[in-house]
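Undergrad:
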Amino acid sequence: MSNRKCPIFCLGLLSLFLGCNRASVESAKTDNVEWAEPIQLDRSLQERMGTRFSEPSTRFFEVPEFTSITLPFGNSGHAIWGASGRDHLGNIYLGISYSGGGPLSAALCRIAPGETEATSLGDTLSYLKYVVDDPEVEQAKIHSKPVQSDDGYIYFTSMDERGEKPDGSTLPIWGSHLWRLDPMAEEVYWEHVRAFPDALIATNCTGKFVYALGYFGHVLYQYDTETGSIRSNTVGSVGGHISRNFLVDLNQNAYVPRITPTGSSFKVELVQLDPELNELGVFPLTDYDVTADFRSHGIVSYAALKNGDLVFVTAKGALYRVVTASGQPSSLERLGWIHPEGESYSAFLVCPDGEQVLCSLSRAKQAKQFQWLTYDLQENSQTATDLDLPPDSPLLDALAYGCNTIDDDGNAFIVGQHNWDPFVLRVSWSQE
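Under this note's numbering, the first residue of the sequence shown carries the number 497, and numbering increases by one thereafter.
Okay, structure coming up:
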């Protein structure tokens, strides 16, 4: 084991939080946990952004190779809904979600550098039993990206779906949980950080604050890894709509969509919140695609750039760039459509050189097959290439996700669902 201290759990902790209002969650602290002594990592810019940048090269305009990664759970599981992340050691983390008969228990696995097989890090209910004494509790999904904080821990959220209503009127029965694990420990152990009544669908972190986005209402939670305190800001959404991603820059500003009903339509804005969760800027968003239920996905992918800027894609395929600034409002630029034909669903996105080339796996509107996209940020031009895939490729009939996560060798990772099972593909460009 590492020299960090293990937490002390108390059965029934969940009952302290579920069913209470957000104000009580916000003011509570987890006093029954013996916290580890802080270990502050000296992380590079790209490590703080959760990615890796390679030297600029024309090879990134080429179609890469796809290599299947073996998962430790065989054919069990349902999907990996974009839940991919990395640590400073080069390990890749993946969250496995489940569906079907209960009780459902989302799982976590890890790919060591250079390996083609993932290893199991355990499942949610195996650790939640130390917190909740109820055989019916469920945590079906790890939908959030595992992210690393300055304290060295990997943070991620699990969530329930049972009992929720897509119109936003009813939260899931068992809510969500924030977890962390020590990637430097010899033995894997999930530490329970906090329970929430909301369903926490996404996480992000570039420093000491771990942010999580919950439905309903686009509630942004901020967890301070130094003090253990938590606060929140309800940015605003409509019905059951929830964005699948949000952004955090190197100044620890968060960017969350706000949806406001306007008669028969909706006004959509991107809200910039500073580390105190005060609104610092508000920017209009077009071609975001809103329905008042689960069908619209908001921001479906994003990638970080070397200079600290962020690019993201909406569910309709609109490409935006956040030009970040310190201590003042950033600016938002619409670059156009990421696909040369216009509207598309492009939920996989990376920028391997951190400067010029965006790479995406995309389906144009009404298209049945994926294409490989490259977008030149310097020329503002796009190229879509049909893929020559073998008959057994999961990309022939899949839901595909994954963004920003690149390993130390410059490989990206496509994750998703194929034939109702999770899959992972390592994306590798030719070497010069």
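Ideal Cβ placement from N, Cα and C applies to all residues, glycine included. Keep in mind the model is a prediction, meaning the values are calculated, not measured.
#1: Checking 8 Å against the spacing of the C-beta atoms, do leucine 541 and leucine 781 come in under that value?
#2: Would you tell me roughly how many angstroms separate the C-alpha atoms of tyrosine 711 and glutamine 644, rounded to the nearest one?
#3: Got a sec, what are the start and stop residues for the alpha helix (DSSP H) serine 595 sits in?
#4: From glycine 909 to glycine 664, what does the alpha carbon distance come to, in whole angstroms?
#5: Straight-line CA distance for isoleucine 755 to valine 731?
#6: Have a look at leucine 766 and proline 753 and give me their C-alpha separation to the nearest angstrom.
#7: Taking histidine 639 and alanine 579 to be in contact with their CB atoms under 8 Å, please state how far apart those CB atoms are, rounded to whole angstroms.
#8: Report buried or exposed for arginine 582, applying the criterion of at least 16 other Cβ atoms within 10 angstroms of its Cβ.
#9: So for proline 780, helix, strand or coil by DSSP?
#10: Pick out whichever of Glu657, Asp646, Thr612 has its Cα sitting closest to the Cα of asparagine 700.
#11: Could you please give me the residues that DSSP links to phenylalanine 613 through a beta bridge?
#12: Are three or more beta carbon pairs between the stretch 676-692 and the stretch 733-746 nearer than 8 Å?
#13: Restricting to runs no shorter than 3 residues, where is the beta strand (DSSP E) found entirely within the stretch 729-797?
#14: Is the CB-CB distance between aspartate 770 and asparagine 749 below 8 Å?
#15: With a CB to CB cut of under 7 Å and the five nearest residues on each side skipped, what residues in its chain are close to serine 520?
#16: Does the stretch 905-921 come close enough to the stretch 826-836 to have 3 or more Cβ pairs within less than 8 Å?
#17: In the structure shown, what three-state DSSP assignment does proline 560 receive?
#18: State the DSSP-derived secondary structure class of aspartate 647, mapped to helix, strand or coil.
#19: On the DSSP bridge list, what partners appear for arginine 606?
#20: Quick one: measure Cβ to Cβ for tyrosine 751 and glutamine 768, integer angstroms, because I've assumed they're closer than 8 Å.
#21: Considering only DSSP beta bridges, list what serine 672 is partnered with.
#22: Could you check where the alpha helix (DSSP H) with isoleucine 544 kicks off and where it finishes?
#23: Considering tyrosine 623, what are the terminal residues of the alpha helix (DSSP H) in which it resides?
TA: In brief:
#1: no
#2: 23 Å
#3: That residue, serine 595, is in no alpha helix (DSSP H); it is neither H nor E in DSSP.
#4: In the sequence under discussion, the amino acid at residue 909 is phenylalanine, which differs from the glycine named in the question. Spanning the two alpha carbons is a distance of roughly 32 Å.
#5: 9 Å
#6: 4 Å
#7: 6 Å
#8: buried
#9: strand
#10: Asp646
#11: A small fix is needed here, since residue 613 is glutamate in this sequence, not phenylalanine. Answer by DSSP bridge pairing, in chain order: Thr566.
#12: no
#13: 750-758, 761-769, 775-780
#14: yes
#15: Because the pLDDT at serine 520 is just 30, under 50, the model does not fix this residue reliably, and the point stays unresolved.
#16: no
#17: coil
#18: coil
#19: Tyr589, Thr615
#20: 5 Å
#21: Met655, Phe692
#22: Before going on, a small fix: residue 544 reads as arginine here, not isoleucine. Arginine 544 -> alpha helix (DSSP H) spans 541-544.
#23: 620-624
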